[in-house]
Each structure stands twice: as structure tokens, then as C-alpha cells.
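Protein chains in written order, with full-length UniProt numbering: chain A, 1 to 742; chain B, 1 to 408. Every residue, glycine too, gets a C-beta built ideally from N, C-alpha and C. To start, the structure itself, in C-alpha cells.
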Amino acid sequence: MGTSDKKRRQTPGSKRAVNVGAATETNGTASLLDTARAVDLSTSSDSDDGDWQNTSSDSDDEYSSASFDDDDSSGDESEGTTEINEAILDYMGALEKEREDEERGDSLSGGGEESRSPRAVAESDSSEDEVPSRNTIGNVPLEWYKDEQHIGYDLSGTKISRREKKDQLDSFLARSDNSKDWRKVYDEYNDEEVELTKEEIDMIKRIRDGRVPHAEVNPYEPYVDWFNWEDKGHPLSSAPEPKRRFIPSKWEAKKVVKLVRAIRNGWIKLDKPKEKPKYYLMWGDDLKTAEKTANGLAYIPAPRPKLPGHEESYNPPVEYIPTQEEVNSYALMYEEDRPKFIPKGFSSLRQVPAYSDFIKERFERCLDLYLCPRSRKKRINIDPESLVPKLPKPKDLQPFPTTCYLEFFGHAGPVCSIAVDPSGMWLASGSSDKTVRLWEVQTARCCRVWSMTGPVRHIAWNPRAGLGILAIALQQEVLLLDAELGSNTEEVSQLLNINVSSVTEHAGDGSLVNWLRHEKLQALQIKHSQEVVSVTWHHKGDYFTSVAPDANTRAVLVHQLSKQQTQNPFRKLQGRVVSVLFHPVRPFLFVATKMHVRVYNLAKQQLSKKLMTGLHEITSMAVHPKGDNMIIGSREGKLCWFDMDLSTKPYKTLKNHHEDIQAVAFHVTYPLFASCADDSTAHVFHGMVYNDLLQNPLIVPLKILHGHQKIDGQGILDCHFHSKQPWLFTAGADSIIKLFCN
Amino acid sequence: MEDAAEERQIQVRFVTKLPSELHVATTPFSLPAHLTRYGLSEVINALLGLDKPQPFDFLVDDELLRTSLEQLLLTNKLSAESILNVEYAYAVGPPKREKSREHKDWVSAATGSHARYIATGSYDTSIRIWGADGSVVQSLEGHGDAISSLEASRPTGDEMWVLISGSKDHTVRRWELSLTSSQEAVNTAVTLERPVKVLKGHTSAVQCVASNGSGTAVCSGSWDCSIKLWNISEDENGESLTVRSKKRKLDASAEAQELEVGTSITLEGHTQCVSAVSWGQRDSIVSASWDQSIRSWDVETNINTETLIGPKALHCLSVGGDNMALFAAGGADPILRIWDPRMPGTNTPIFQLSSHKAWITACKWHRHSRRHILSASHDGSVKLWDLRSKIPLQTIDAHKGKSDCTIK
């Protein structure tokens with residue numbers, strides 16, 4: 001059947017099919033065909049008739065009904081023209097244009113015929129182009145108007161009255177009188193007679209003959225291959241399709257046979273049809289929708305209200321009904337704890353009163369649903385222990401300071417600065433009570449007190465062993481004091497005696513600092529123009545720096561003790577200098593300003609590095625004894641560890657203190673560092689720096705040391721490690737120095 | 001139940017090493033199990049029928065009894081059926097505070113090797129000799145800084161007493177005192193016999209001194225991490241300087257007669273301050289240091305023969321105990337540790353005595369007892385320990401500040 005169908009389309013007989021395709025666009029395709037057939041059967045019996053019959057019987061089901069019509073109409077041929085009129089009626093709808101032209105009395109001349117026909121075909125393609133018919137009732141069954149006096153309404157809405165119908169005799173007489181009367185067709189829709197034009201008759205005839213309706217259309221035009229294969233280099237070939245495309249595959253058939261045999265023999269097991277569960281959750285759909293909806297948003301069902309239980313029955317069992325004592329006890333409970341509903345028994349449902357809280361509860365439920373946003377909470381089950389970085393236990397990192405064994409009493413004001421003598425025997429402390437004290441570490445005995453002229457800001461021991469020179473920053477001067485501890489007293493006195501030549505030399509220079517002899521304390525005095533905040537020694541003990549932040553370009557000064565000279569290494573400084581440190585090994589100078597630490601190479605006299613701390617305000621810094629790492633404490637309680645080989649950004653930032661960090665310190669020999677802050681705690685860390693450059697420093701928090709009192713918002717002001725033992729000294733604003741030991 | 005507990009009896013046999021008049025019958029006694037030391041002492045007193053009650057201490061398996069008998073059996077897992085051998089001995093009575101005299105400054109060293117005199121060194125640079133009645137007999141001045149340690153030789157006879165003092169002025173001084181034994185003038189009988197010998201050589205503060213029994217060989221440890229050995233020969237011409245008055249200070253003429261003695265041998269090995277030296281048995285020196293080690297040195301060859309590493313920095317050391325072989329040392333923690341160097345291959349102390357609350361600053365073995373040791377701490381207490389008990393026998397809380405030195 002399929003092949004025969006194909007053939008039919010390919011054969012010349014397919015002109016009809018083409019035609020049908022063209023007419024499909026118009027309203028009532030089938031009726032057109034019917035019309036054509038009816039005309040064909042009733043008016044004449046041409047030789048083409050048989051052909052038509054054959055094709056129609058061969059064709060699909062949609063045509064078979066048409067062939068029945070054929071039979072019917074062929075059954076009463078006597079009706080003749082009336083039948084034609086009836087059949088043509090529908091066609092008229094499609095050809096209203098021509099009809100109107102005809103009504104206007106356009107000529108039936110042959111020239112006009114030739115020119116108009118293609119246009120009509122073209123226009124019939126689009127229903128919008130049609131001229132509206134007289135009747136406006138639309139596409140409704142005409143039976144509705146069968147018993148009415150009018151057939152419909154015109155455009156203005158007035159009724160179109162039905163014309164008087166001619167009886168058979170009149171029509172016969174009219175036909176015999178007028179030879180052209182056979183052309184007339186009655187349009188029931190508009191209730192008027194339409195005279196078909198000559199070309200329309202032609203068209204009908206051509207349809208009836210099974211030809212193209214329009215004479216000028218040539219269905220067998222020679223094929224013009226507009227596409228030029230050779231020029232375009234198209235990948236597809238225009239070669240005719242091979243034969244094998246049209247014949248069933250032999251191998252496929254073999255494969256099918258094989259599979260069939262396998263299935264029959266049970267070699268291939270087919271899937272069992274899925275069994276539907278016998279019982280299913282009736283409202284289970286709710287759960288499925290909860291997973292995901294089409295728009296990608298998760299649907300979260302509203303929480304269900306509690307289902308009513310036995311206690312809410314109108315006649316609950318006795319055990320649900322509270323006794324009078326229980327009811328009375330409810331009154332004593334808090335309102336939130338009180339039960340909302342007290343069960344009560346009624347003998348019949350009729351006696352149950354209206355539930356007073358119904359509206360209120362519904363309303364609250366609605367409010368809950370509406371106002372409480374429901375969100376899906378994602379919980380990840382991770383063992384919190386696994387998130388903690390693997391660090392060695394502090395117990396394995398001993399020794400480190402843990403307990404306070406000694407307290408150094410004596411100062412009357414906050415101890416601003418402490419310094420441990422390089423031998424580890426002495427501790428010097430400077431306080432705002434205008435004294436500098438020297439303590440024996442082992443016994444916490446205050447061995448010496450020097451009174452100063454002002455509060456002491458900072459003190460530092462000369463790092464050379466056996467020299468015992470103490471540098472003290474107080475107000476606008478730096479004092480170099482002989483603590484009389486060293487063995488080589490001659491050298492000390494020589495160093496601290498004013499060098500006449502340097503004085504005269506400086507007299508010309510004059511403006512930087514003045515080196516003077518402080519007779520009362522037998523010390524060397526270096527007068528600055530602004531308040532000196534800190535002094536730090538170079539590790540060889542000859543050079544030292546002083547920081548006077550308010551002195552603008554002279555904030556950092558480098559002094560040489562042996563020559564008693566002062567130089568200003570920086571012509572310009574960016575930002576307010578907080579602290580200055582020498583590199584412990586190499587000729588570098590660290591200058592900390594408010595937010596950055598700059599590393600200057602003193603030998604080359606250039607900026608070598610700038611450390612971006614990311615902190616708001618640096619307060620203190622300390623350099624690892626090997627010199628490649630440093631820690632920086634800040635006012636917001638953050639401690640930054642810099643690995644200067646690694647990066648100019650902090651290797652680790654620890655937010656350990658709640659308040660301003662006042663001082664940070666490294667231990668010289670042990671892998672320890674500490675920070676102390678205004679929250680009157682000192683934190684001790686293990687900070688192991690490996691010789692292997694590939695291995696990052698290991699930082700482990702070890703211990704928080706408490707004990708100091710907080711006074712006027714200040715806690716611990718300075719901390720220092722003992723030079724040899726793993727001990728930490730902390731100087732508090734409570735005027736006590738504490739020694740924490742391992 | 002209570003009745004049963006009271007009825008519980010333990011068979012106890014008393015033995016003792018005390019003289020025979022204090023012996024009791026060796027037949028076992030049946031004693032109630034809840035008895036403690038005090039109860040047992042009463043029993044012994046009753047058995048002996050002493051006129052004046054005498055406190056006794058009791059030892060079971062060489063451990064001092066500090067609990068009830070019942071608890072002892074439980075902790076030691078002994079059978080209550082068998083007979084318990086209990087040794088009794090005199091209890092060490094609480095020390096009596098006899099006298100206290102005020103120093104002007106901190107007392108940093110004290111020595112009491114003499115039966116009648118006590119020498120103390122102070123932070124005010126002077127050494128004072130105190131008589132038995134608590135008055136200053138002699139004040140020795142000459143050091144330029146605080147005295148850090150003091151050592152006295154055993155008095156040979158009554159006439160000679162050698163004091164060696166170390167000071168923070170980097171020197172060690174050797175004082176030879178002659179004592180007169182006349183009964184009527186006890187207080188004034190200390191005279192400075194010979195010129196003071198000043199031993200110079202340390203480059204930093206001297207922390208400790210020690211001498212052999214006679215005072216002819218002196219060793220000193222210092223903050224310069226070295227131990228120096230000084231040999232004081234007796235052949236130097238000595239002019240005697242008699243100081244008769246009690247508080248006579250050494251004036252310029254006396255200072256002129258100081259003799260400087262150079263160092264003989266320097267022992268180096270410690271990496272930090274040598275905090276204590278002690279003259280051990282048979283020409284060996286034991287030293288303790290802040291570098292946590294205890295080293296013993298042979299005097300003849302000047303070789304470091306042995307090294308023990310402790311857990312903390314050490315402040316004091318005393319050699320004594322069994323055969324003068326045990327090292328007791330205290331340091332920067334409240335635990336007094338006792339090492340036995342004869343135990344090979346271990347650094348673990350054999351005893352750890354912990355009762356102090358602060359650093360231990362001084363410790364001293366009993367000169368004659370091999371079990372008793374005295375320790376002083378920064379918490380102001382002095383404790384007497386018996387090695388047979390974990391609890392100190394006696395505690396003296398007389399000091400208000402830090403106690404810094406002990407003598408015995």
C-alpha cells in the first residue's frame with residue numbers, strides 16, 4: 001500500500017493532489033472536491049470519469065466517503081441541475097470575488113478571463129482578502145434560519161429577508177426561456193442566485209477532468225536546477241540514491257532472526273514489566289513535589305497542623321478529661337505552659353458548643369503560613385574535630401612559660417618597658433613613675449633605682465655582653481646609663497664620657513641632636529627636638545636608633561655610640577613611624593609606620609621591601625633571631641606573622657587579643673614568641689622556623705597567661721623573654737612585673 | 001558494721017634500732033586497725049612506761065607511717081592476717097624558734113658549720129658572725145657588692161675557722177678567723193686571723209662557692225658560666241690582724257693587706273650561670289647550672305666526669321645522703337629532685353619531693369643523717385624532708401618574704 005501510494009504521487013495523476021494542496025488554504029476543501037465530482041457526475045459522462053472513479057477508490061479513507069457520495073448522487077441523476085446548484089454553493093464561498101465582479105456585470109470576454117483566473121487563485125489563498133458576504137451570521141448551520149423570515153443580518157445589522165422561492169415549474173420555465181440559466185447557482189447562505197462565469201465553468205470542467213483548475217498552470221514545467229553543485233563545492237553529492245536504500249537490509253533481517261531465536265530460547269531475558277505496588281501512599285504526591293518543581297525552586301510544604309486526637313473528641317474517654325484539681329493547677333501555670341485546649345465530654349454531638357477560638361486559630365495559622373518564611377536548612381555532617389588543623393599538642397612543645405613564679409614589686413606607676421640583660425641575670429624596667437629599676441632575676445630583688453626627670457617610655461640594654469649600658473628613652477632625650485654590671489668598666493666610662501671633638505663637630509651640625517654629659521647620673525644624654533618613643537640597639541652594640549614620631553623627617557635617627565655621632569638616614573618618611581628595628585644579622589632596617597613595614601637596605605641605601613600588613617594600626621614588631629620572619633602586633637588585637645622570604649603579605653594573621661596589642665617578642669634561642677595586650681593577657685606561641693626553605697613556619701598557640709590587673713584601660717604594657725631560659729617577663733599597668741616560667 | 005571495723009585487729013610486732021632500754025617485747029601485739037602514728041606512739045609510750053611521753057615515728061617497709069594501719073594495708077596490698085613488722089624511732093620534733101635577729105638588708109647566704117657561731121652574708125655587702133645568744137660578734141666587710149654565697153670550713157679544733165664568700169662584685173674572698181674558746185668572752189672572741197685573700201678571676205658575678213672540708217681548696221661558680229678552682233697555699237707570709245671590737249669595719253689599712261690570689265684552674269662546660277657547686281666525696285666537684293644540668297668534675301684531672309640533665313633550670317644543689325652520693329637539687333619549679341648518679345643511663349630523679357609553692361632556692365642534706373634534707377623556697381617556707389615519706393616532716397613558715405638560704 002505504501003509503495004503504491006508513493007507511486008500515485010509520483011505519477012502524472014498527482015496533478016489532482018497538487019491541486020488539492022493548493023485549495024487546502026481556502027475554506028471547505030472537501031466541499032470543493034465534492035462540488036467538482038458532483039458537477040462531473042451530473043452534467044456529463046466523459047471518458048475521464050472512469051479514471052476518476054479508479055483513483056478515488058484507490059485513495060485513502062478521506063476520499064472513500066467522497067466515493068460514496070458519488071454513488072448516491074449517481075443514484076438520482078434525475079435531479080440534475082438542482083443538485084449541481086446545491087453542490088456548487090460551497091464553491092461559491094471561495095470565489096466570491098469573481099461572483100461580485102460578475103454581479104457588477106463584468107464582461108465574460110476571453111482576455112479578461114485569462115488575466116483574472118490566476119489572481120483568483122492567488123486571492124483564494126488567503127481568506128482575509130475575501131470580500132465579506134452580504135450575510136453576516138457567520139459559519140453557523142443554516143438550519144437555524146430555516147423557519148425564519150430572514151436569512152440573516154447585513155453589515156448594518158438589519159435583517160435580510162428571505163426571497164420568495166421559485167417553485168419547480170417557474171425554474172423550469174426560466175431555464176427554458178434563458179439558455180444561460182443553467183449557469184445560475186443558488187447561494188443559500190446569501191439567499192440569491194449567482195450566475196457562474198464562463199471561466200468558472202471552465203474551472204469546474206477542468207477539475208472534473210482531473211486536471212489543474214487553471215488553464216495557464218503547467219504542471220509539467222521542465223525542472224530547472226537552480227543550485228549549481230559544481231560551483232559551490234557542496235559536500236553533498238547529487239548522485240542518485242543507491243538501490244540499497246530502497247531494499248530491506250539482508251543483515252538486519254539476519255540480526256532480527258538471531259535476536260528472535262535468542263529470545264525464544266531464553267538466551268536473552270527481557271525485563272519484567274514493572275509491578276505496581278499493591279498499596280501506595282494515597283497522599284504521597286506531597287512528598288514528591290517537595291523535592292523539586294519545574295521552575296527550579298524547591299517547594300517546601302507548609303508544616304502540618306497537629307491532627308486531632310482522642311482528647312478532642314466530643315466525648316473523650318474519661319482519662320483524657322482533667323479533674324477539677326488539674327484544671328485548677330492550670331491556672332497557676334505560666335500562660336505559655338498552660339494547655340490550649342481542655343478536653344470536655346458531651347453526651348451527644350448536638351450539645352457541643354461552637355468552638356470559640358476557631359476563627360482566631362485559623363487566622364493565626366494563616367499568619368504563620370504567610371509570615372514565617374520557610375527555608376531549607378542544609379546540614380552537613382562533618383566531624384568538627386576534622387576541621388581543626390592538625391597541630392602538635394602544646395604538651396609536646398615544652399618548655400614554654402606557664403606559671404607565674406616571681407613578681408617584681410616596687411614601681412609606683414605603670415611599667416612601660418622592660419629589658420632583660422644579655423646574660424639573663426638582670427632585668428631593667430622603666431616606669432611612668434619616673435624611675436628606672438634594676439632587678440635581680442633570680443630573687444626578684446630590686447637592686448638599684450634611678451630617678452629620672454620624666455616618665456620613661458622605653459629602655460633597652462646594649463646587646464654587648466659585659467658592657468651593661470642601658471639606653472633609656474624619656475621625654476625628649478635618650479639617656480645612656482652605666483648600670484655598673486659590666487666587667488670592663490674602663491671601656492664603659494670611656495664610651496659614656498663626652499667626646500670633645502664630636503661635640504664641636506656637632507655644634508655646626510647642631511640641629512639634629514645634642515650629645516651631652518649628664519653629670520648627676522654619670523650618663524650620656526642625647527637631646528632630641530621631639531619626644532622619643534623608643535630606642536633599639538644594633539646587635540653589635542655600637543649603633544642604636546631612636547624614634548621620635550613627631551619629628552617629621554627626623555623621626556628616625558641612627559646614633560653611633562663609639563663616635564658619638566648621629567645621622568638621619570631618611571630624607572623623607574612616609575607616614576608616622578611607630579617603631580624601628582635592626583635586622584639581627586644583615587644590614588637591614590625595619591621601619592614600621594601605621595600600616596606598613598618598610599625594609600631598608602642600609603648598605604645599598606635603598607628600600608628593599610614593603611610589607612603589606614593589612615592592619616589598621618601597627619603598635620609593635622619583633623624580628624625572629626634568624627631574621628627572615630617577623631611578627632607585628634596591631635591595635636585591633638591582631639598578630640601578623642611575616643615570612644619575608646615567602647611574601648610581603650602576612651603568612652598568618654592571628655586574631656587572638658580582644659584589645660590593643662602592646663608588645664610582641666621573640667625568644668632568642670627557643671622557638672617561642674609572645675604577645676601582650678591591654679586585655680591583660682599575654683599569649684605564648686610556638687613559632688618554629690625551619691632551616692629548610694620549603695617548609696613553612698609552624699605556629700602553635702600554647703598558653704594564655706593571666707594575672708595582671710587592668711588599670712585605666714591598660715593591661716600588659718611590655719613583654720620580654722629571658723635571654724636564655726624559656727621564661728617570659730610581663731610588665732603591667734598595675735606596676736608589677738611578672739615572671740612566667742616553664 | 002562499725003563494730004566490726006573497730007574490732008578489726010592487726011598483728012603488729014615492734015622492732016627498733018634504738019638503745020636497748022627503749023626496746024619492747026618482740027611478741028606480736030594485736031592492735032586496732034584504725035591506729036595512726038599518734039596512737040602507736042601512745043602504745044609504745046605505755047609499753048615502755050616512760051615518765052615523760054616521747055613521740056615516736058613508725059616505719060613499715062622503710063616507709064614512714066603517715067596514714068592509719070588499715071589504710072596502709074590497703075594501699076600496700078598487705079594481708080591483714082600476717083604479722084606486720086613496725087619499726088619505731090624517735091620522731092623529729094618541731095623546730096623551736098629560738099632567736100631571730102633582723103638584718104638591715106636581705107640575707108642571701110648563711111652557714112652554720114660551727115657549733116657556736118653562725119655566719120650570714122647579706123645584700124648590704126657585709127658578712128656577720130652571730131654568736132649563740134643572737135648578737136653580732138663580728139662583721140666582715142670588704143666586698144663591693146652583695147654576698148651571694150658563703151661557705152665555712154669545718155673548724156679544726158677551736159682556733160681556726162675559714163669562711164669563703166662569693167659576691168656579685170666578681171670576687172671570692174677567704175676569711176680566716178680565729179676563735180678563742182674562753183668561756184667568759186664568747187661574744188668577742190672572733191678575730192680576723194690573716195689577711196683576707198681575694199680571689200679574682202671571674203668576669204661576672206660569683207653565684208656560689210664551695211670548699212673542701214679544710215678550706216684549702218675553693219671552687220666557685222659564676223655567671224660567666226665557668227667554675228674556677230683555687231688552691232690556697234698556706235706558706236704565704238701572714239700578718240695577723242686582730243679585730244677586737246664587735247662592729248669594727250675594715251679600714252683602708254686592712255684593705256691594703258688583702259692578698260690577691262690568681263685562679264688555678266677553670267672548668268668550662270656549663271652554658272649558663274653556674275648556680276651551685278658542692279664539694280663531693282673524694283676530690284670531685286658537683287655543679288648545677290641554669291642550663292638544667294648537673295655536672296660532676298674530677299679535681300685532679302679537671303674533667304667533666306658525669307652530666308645529668310634535669311627538666312628545669314637549677315638554683316641549688318646539695319650532695320649527701322647515702323655514701324654522699326645523692327644529688328639533691330632544686331630549681332625554677334617547686335619540686336625538689338634527688339638524683340642518684342650511680343643509676344646508669346637515666347636522667348630521671350629517684351625522688352621528687354613536691355610541697356613547695358614557689359621556686360626552691362636552697363637545699364641542704366643533713367650532715368649526719370642520710371635521709372633528711374632541708375629545702376627553702378621563695379614561698380617563704382623551709383621544709384624538712386625525710387626520704388622515707390612523701391610529705392615533709394616539718395615546715396617552717398617563719399619568713400615573710402622569700403627564704404633564700406639554708407644551713408644545717
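With contacts defined as CB atoms closer than 9 Å, A/S579 and A/I631 fail to qualify as a contacting pair. Taken atom to atom, the span from the alpha-carbon of B/L374 to that of B/S153 is near 20 Å. Taking the Cα positions, A/N218 is about 40 Å away from A/S249. With contacts defined as CB atoms closer than 9 Å, B/I83 and B/P28 qualify as a contacting pair.
Secondary structure of B/H378 (DSSP, three-state): coil.
At a Cβ-Cβ threshold of 9 Å, B/G320 and B/W297 do not count as neighbours. Following the DSSP letters along the chain, one finds A/A215 in no alpha helix (DSSP H), marked with neither H nor E. Taking C-beta atoms under 8 Å as the contact rule, A/K703 and A/V684 qualify, at a distance of about 4 Å. In this structure, A/L521 keeps its C-beta atom at 9 Å or more from the C-beta atom of A/L495.
B/S381 counts as buried, since no fewer than 16 other beta carbons sit within 10 angstroms of its beta carbon.
The region 17 to 25 of chain B makes no contact with the region 728 to 742 of chain A; the number of CB pairs closer than 8 Å stays below 3. Neighbours of A/Q525 in chain B, taken as residues whose beta carbon is under 8 Å from its own, are absent, since the nearest beta carbon is some 27 Å off.
The beta carbon of A/D628 lies closer than 8 Å to those of D643, M644, D645, V689 in the same chain, with the five residues before and after it left out.
Among the residues facing chain A, B/H366 is not included, as its CB has no counterpart in that chain under 9 Å away. B/L72 is classed as buried because its beta carbon has at least 16 other beta carbons within 10 Å across all chains shown. Not one beta carbon of chain B lies nearer than 9 Å to the beta carbon of A/R379. Interface criterion met: the Cβ of B/T361 is under 9 Å from a Cβ in chain A. Given a length threshold of 3 residues, each whole run of the beta strand (DSSP E) inside the region 154 to 221 of chain A is given here in chain order: 159 to 161, 184 to 187, 192 to 195. In terms of beta-carbon proximity, A/G410 stays away from the interface with chain B, with every pair separated by 9 Å or more.
Per DSSP, the continuous alpha helix (DSSP H) segment holding A/I263 begins and ends at 250 to 265. If you draw a straight line from the Cα of B/Y123 to the Cα of B/T216, it is about 26 Å long. In the structure shown, B/W161 adopts extended strand secondary structure according to DSSP, grouped into three states. Not a single C-beta of chain A is nearer than 9 Å to the C-beta of B/K77. Here A/V492 carries a helix assignment [DSSP, helix/strand/coil].
With a threshold of 9 Å between beta carbons, A/W439 makes no contact with chain B. Look at A/P399: its C-beta is under 9 Å from a C-beta on chain B.
Taking 8 Å as the cut-off between beta carbons, the residues of the region 442 to 466 of chain A near chain B are Q442, T443, A444, R445, C447, G466, in sequence order. Of the residues assessed, B/L353 falls on the buried side of the cut-off, its CB having 16 or more other CB atoms within 10 angstroms.
Per DSSP, B/N45 is one residue of the alpha helix (DSSP H) stretching across 37 to 48. Taking 9 Å as the Cβ-Cβ cut-off, the region 521 to 550 of chain A has no residue approaching chain B. Across the structure, A/K594 and B/V286 are spaced so that their CA atoms are roughly 54 Å apart.
For chain B, none of the residues of the region 683 to 716 of chain A brings a beta carbon within less than 9 Å of one of its beta carbons. In this structure, the beta-carbon distance from A/S608 to A/V599 falls below 9 Å. According to DSSP, B/F29 shares a beta bridge with B/V12. With a cut-off of 8 Å on Cβ pairs, the region 424 to 437 of chain A is not in contact with the region 392 to 407 of chain A, counting fewer than three such pairs. Here the alpha carbon of A/P353 sits roughly 56 Å from the alpha carbon of A/P384.
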